[in-house]
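Quick note on numbering: the sequence shown equals residues 935 to 1355 in the working numbering. All C-beta atoms in this analysis are idealised placements derived from N, C-alpha and C, irrespective of residue type, glycine included. Here's the structure, in C-alpha cells; my notes come after.
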Amino acid sequence: MTASEWYARGREHVWLPYTQMKTARAPLPVASAQGMRLTLADGRELIDGISSWWACVHGYRHPHIEAAVRQQLETLPHVMLGGLAHEQAYTLARRLAGLLPGDLDHVFFSDSGSVAVEVAMKMAAQFWLNQGQRRVKFLCFKGGYHGDTFATMSVCDPDEGMHSLFKGALLEQVVVELPRDAAGEAALDELLGRYCGELAGIVVEPLVQGAGGMVFHDPFTLQALRRLADAHDLLLIFDEIFVGLGRLGDAMFACQIAGVQPDIVTLSKALTGGTLPLAATIASKRIHEGFLSDDPLHALMHGPTYMGNAMGCAAANASLDLFESEPRLVQARAISAQLERQLAPARDLPGVKDVRVRGAIGVIQFDRMAPADRLSAICIDHGVWLRPFRDVLYTTPPLIADEDDITRITSAMIAATRDLG
Ligand code: PLP
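As C-alpha cells, this is what we get:
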C-alpha cells in the first residue's frame, strides 16, 4: 500500500495525542528513519531535533541496538515476569542498580513513563500503609509534568498544564513553587509542618521541568528538597524520565549532578534508546525493605503484563552498552556548547523572552504562546522536525548529532523565531 493509501484509509480511525481532532493539521507520514534522519513518505528528509519525544538518544536504528533486539526476537521475545525470569531483565536491573548512586538497587519494570511514576507513587503510599500510616497525598510543583494517567495528573501543574480541565477531579493536589533559595526552603518547611502525617512524598523532575515549559532549576533546589524530606519524614521521588540517561551531559543522571540521593527514581524514554517501550521505577533499600513482611498484602500489588519485556530489556542493555562504548556524555556537552553559541543571537529578536541551554536541551522562550503549527512548518521547510508547545521552541537532539546537524537545527529555530517577530 502506498503512503497516501494507508494514510487516507486510516486517518479517520487514529486518535492522535494532545490533538484537537477537529482543527489539527494532518500529521506527516514517515516511511523510515536512520540515524538523525526521518524520511517522509513523499521523499523529504528531516533531521529529528527532538529525538521522538526525547527518547532516541543514539539516533534511529543504531546497529548495536537493532542486532540485540533481533537476536532477542529470535530466542525469547517476551515472557511474563510473574514467576518466570529472563536474562535481559535481570541483567538490566543489575546494571541500573550499579549505575544509580547509593542504594537505589531495586528495580520495578513497566512499559511507559506515566506508569513508572504511577508505580513510584503507589510504592510510596504503600510504604507508609505497610506501617499502618495512611498517607496518600504528594507534594508537587508548579510547572511539573509526570504523565497523563489519573494519579500522575495529580502531581502535574494543575493550572498551567494540559490537564487543567481535570482540576478538582483528581487525587487531592498539594502544589507549590519550587524552592529556589533559603527563603523558599523556609516557606516550604513551614507548609510541610502543616501537612504532618498526610503526605507520602515529594515528586519532582530534577534540574529541568520538561513538558511544563522547559524550566531549569539548580542543584540547590534538590538539596533543599532532600533536607525537607528528611526533616518531615517524606519520600523523595525524582522523575528522571526526561533528563536521566545522559541528556544533561555532566553525568548519566540528574541526581548525580545535584549530589542528592532520592528514595525512588523513575526512568523511561532514553532507556531503550527510543527503540521499544520500557520504563523502570528504582527504589532504595529502605523502601524495598518496607515491603518485606510475612503478610502477603504487604507485597507491591502491581504487575503490568508487558513489564520487563525481553526485547525492551535487550534494547535497554544494548543502549547502556552504547553509553559505555561511545562518548555520549562528551557528545552531549559538545552539543550544549554549540547550542549556547548558536542560539544566543535569538536573544535579540523581537518576541523572545529568554534563551536557555542546559545539557543537550536548547530553548527559545517567547513572550506569548507560540503558534506551534506555523513555527513547525518553517522548521520543516528548513529540513528539521521540531514540535513547539506553549511558549517554547526547543530542541532535544539525539546525542549523536554532529556539528552540521546542530547548525541546521539552530538555523531553523532562529529562522522560525525571526518569522514570529
Ligand atoms: N515524566 C516525565 C518527566 C516526562 O517528561 C514524561 C513524558 O514526557 C512522562 C513522565 C510520561 O512518560 P510517558 O509519555 O512515557 O507516559
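Opening and closing residue of the beta strand (DSSP E) in which Tyr1328 lies: DSSP places Tyr1328 in the uninterrupted beta strand (DSSP E) bounded by Val1326 to Thr1329.
Going by DSSP, which residues form a beta bridge with His1040? Answer by DSSP bridge pairing, in chain order: Ala1217.
Buried or exposed: Pro1261, going by 16 or more other Cβ atoms within 10 Å of its Cβ? Its Cβ having fewer than 16 others within 10 Å, Pro1261 is exposed.
What would DSSP say about Trp988, mapped onto helix, strand or coil? It is helical.
Output the distance between the C-alpha atoms of Met1087 and Leu1210, rounded to the nearest integer angstrom. One C-alpha to the other measures close to 24 Å.
Using 10 angstroms around the beta-carbon of Thr1344, count the other beta-carbons present and answer buried if the total reaches 16, otherwise exposed. Flag for Thr1344 reads buried.
Distance cut-off 7 Å: Trp987 Cβ against heavy atoms of ligand 1: Checking every heavy atom of ligand 1 against the Cβ of Trp987, one is found closer than 7 Å.
Give a yes or no on whether the C-beta atoms belonging to Val1049 and Cys1074 are separated by under 8 Å. Cys1074 sits away from Val1049, with the two beta carbons spaced by 8 Å or more.
What are the start and end residues of the beta strand (DSSP E) that includes Gln1107? Start and end: Gln1107 to Val1110.
For a test of your reading of the model: does the CB of Val1051 fall under 7 Å from any non-hydrogen atom of ligand 2? Yes or no. Within the structure as shown, ligand 2 is missing, the only ligands being ligand 1.
Return yes when at least one heavy atom of ligand 1 lies under 7 Å from the C-beta of Glu1139, else no. Distances taken from the Cβ of Glu1139 to the heavy atoms of ligand 1 include one shorter than 7 Å.
I want to check one thing, is the minimum distance from the CB of Ile1175 to the heavy atoms of ligand 1 below 7 Å? True, at least one ligand heavy atom lies under 7 Å from that Cβ.
Find the nearest neighbour of Gln1299 within the set Arg1069, Ala1019, Gly1355 and Asp1338, judged by alpha-carbon distance. Answer by Cα proximity: Gly1355.
With DSSP as the reference, please indicate the residues paired to Trp1319 in a beta bridge. In the DSSP assignment, Trp1319 is bridged to Asp982.
For the pair the region 1160 to 1170 and the region 1124 to 1144, tell me if three or more CB-CB distances fall below 8 Å. Segments in contact, yes.
Thinking just about the alpha-carbon of each residue, which of Leu1034, Gln1107 and Ser986 is nearest to the one in Asp1093? Of Leu1034, Gln1107 and Ser986, the residue nearest in Cα terms is Gln1107.
Minimum C-alpha distance to Val1326 - residue among Thr1083, His1232, Thr1351 and Ala1244: Scanning Thr1083, His1232, Thr1351 and Ala1244 for the CA closest to the CA of Val1326 turns up Thr1351.
Rounded separation between Pro1140 and Met1303 - CA only: Straight across, the Cα-Cα distance linking Pro1140 with Met1303 is about 25 Å.
Straight-line CA distance for Ala942 to Leu1254? Distance between the alpha carbons of Ala942 and Leu1254 is about 39 Å.
Runs of alpha helix (DSSP H) lying entirely within the region 1138 to 1206, each at least 4 residues, in chain order: DSSP runs (the alpha helix (DSSP H)) wholly in the region 1138 to 1206: 1153 to 1165 and 1188 to 1192.
Does Leu1034 come out as helix, strand or coil in the three-state DSSP assignment? In the structure shown, Leu1034 sits in coil (DSSP, three-state: anything other than H, G, I, E or B).
Gly1180 to Tyr1328 span [Cα, whole Å]: Between Gly1180 and Tyr1328, the C-alpha separation is close to 18 Å.
Please state whether the Cβ-Cβ distance between Ala1085 and Glu1052 is less than 8 Å. Note that the C-beta distance between Ala1085 and Glu1052 is below 8 Å.
Do Ala1214 and Phe1043 come within 8 Å of each other at the CB atom, strictly closer than that value? Cβ atoms of Phe1043 and Ala1214: closer than 8 Å.
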